[in-house]
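Asker: Quick note on the numbering used here: the sequence shown kicks off at 48 and runs consecutively.
My questions all concern the structure below.
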Amino acid sequence: MECPYCGYELKCTDYYGKRQIAEHYWSYPQSWIEKEGDIFKCDNEGCDMYQESFYTDSRGELYERYPC
Ligand SMILES: [Zn+2]
């Protein structure tokens, strides 16, 4: 994935998703994150978006900022 501002390769730092809870395991609640996309950061010091976050959605589209 490339930074749309400088073309530098974005660094994948994390992923995000929705928390799922298996409610029938009531005695031992189990939860997991259903992954929706990856979180990236631009590592190019000369870039306007240096250390700013980007993320992809489940279709691989790139957006600015951190996913809510
Ligand atoms: Zn950049």
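The beta carbon of each residue, even a glycine, is placed where N, CA and C say it ideally should be.
Is MET48 near ligand 1, going by C-beta to nearest heavy atom under 7 Å?
Answerer: MET48 Cβ: outside cutoff for every heavy atom of ligand 1.
Asker: Would the beta-carbon of TYR55 be found less than 7 Å away from any heavy atom of ligand 1?
Answerer: Yes, ligand 1 has a heavy atom inside 7 Å of this Cβ.
Asker: Could you please give the first and the last residue of the uninterrupted beta strand (DSSP E) stretch that includes ARG106?
Answerer: No beta strand (DSSP E) contains ARG106, which DSSP labels as neither H nor E.
Asker: What does the Cβ neighbour count give for GLY93, buried or exposed, with the cut at 16 atoms within 10 Å?
Answerer: Exposed, by the Cβ-count rule.
Asker: Restricting to Cα atoms, I'd like to know which of CYS89, LYS82 and SER100 is closest to GLY64.
Answerer: Looking at the Cα atoms, LYS82 is the closest of the given residues.
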